[in-house]
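Numbering (the numbering used here), first residue to last: 2 to 114. Notes follow once the structure below has been shown.
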């Protein structure tokens, strides 16, 4: 399975944050401002093996040698429903086997940021 260890809350309402905390648990990082240095620090501290974020964080992931899944709203893949889960799994598999993953610290299990 996938364990989500952090999520952005920049545009979240207080009710959203309460719901997120309930879904992810007390140990999850809620990120208000996702600057590159803090994102990479959270990746390292949490043991995340994948950074799932918008395209503007692609360079941050490459710089930190972290496999990257682009999930911005312009994506060409839909992740809703059963077909979406299958698509997400295929994308994660593709990312894990790309050339960049060859230099990334990929470990067994999946912890997504």
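Just so you know, even glycine gets a beta-carbon here, dropped at the ideal spot from N, CA and C. These numbers come from a predicted model, not from an experiment.
Nearest-angstrom Cβ-Cβ length linking residue i and residue j, presumed shorter than 8 Å
i, j, result
"residue 61", "residue 40", "6 Å"
"residue 49", "residue 86", "Actually they are not in contact, since the Cβ atoms of residue 49 and residue 86 sit about 20 Å apart, beyond 8 Å."
"residue 92", "residue 74", "That pair is no contact at about 16 Å."
"residue 68", "residue 32", "Not really, about 19 Å apart at Cβ, beyond 8 Å."
One or two residues paired with residue i in a DSSP bridge
i, result
"residue 39", "For residue 39, which the question treats as bridged, DSSP gives no partner whatsoever."
"residue 32", "9"
"residue 71", "54"
Cα-Cα separation, residue i to residue j
i, j, result
"residue 1", "residue 99", "Because the chain in this structure spans residues 2 to 114, residue 1 falls outside the shown range and cannot be described."
"residue 1", "residue 15", "Nothing about residue 1 can be reported from this structure: the residues present for the chain run from 2 to 114 only."
"residue 57", "residue 13", "19 Å"
"residue 102", "residue 71", "For residue 102, the predicted structure reports a pLDDT of 49, less than 50, and the residue's modelled location is therefore unreliable. The matter cannot be settled from this model."
"residue 66", "residue 90", "20 Å"
"residue 47", "residue 81", "26 Å"
"residue 52", "residue 19", "23 Å"
"residue 17", "residue 24", "11 Å"
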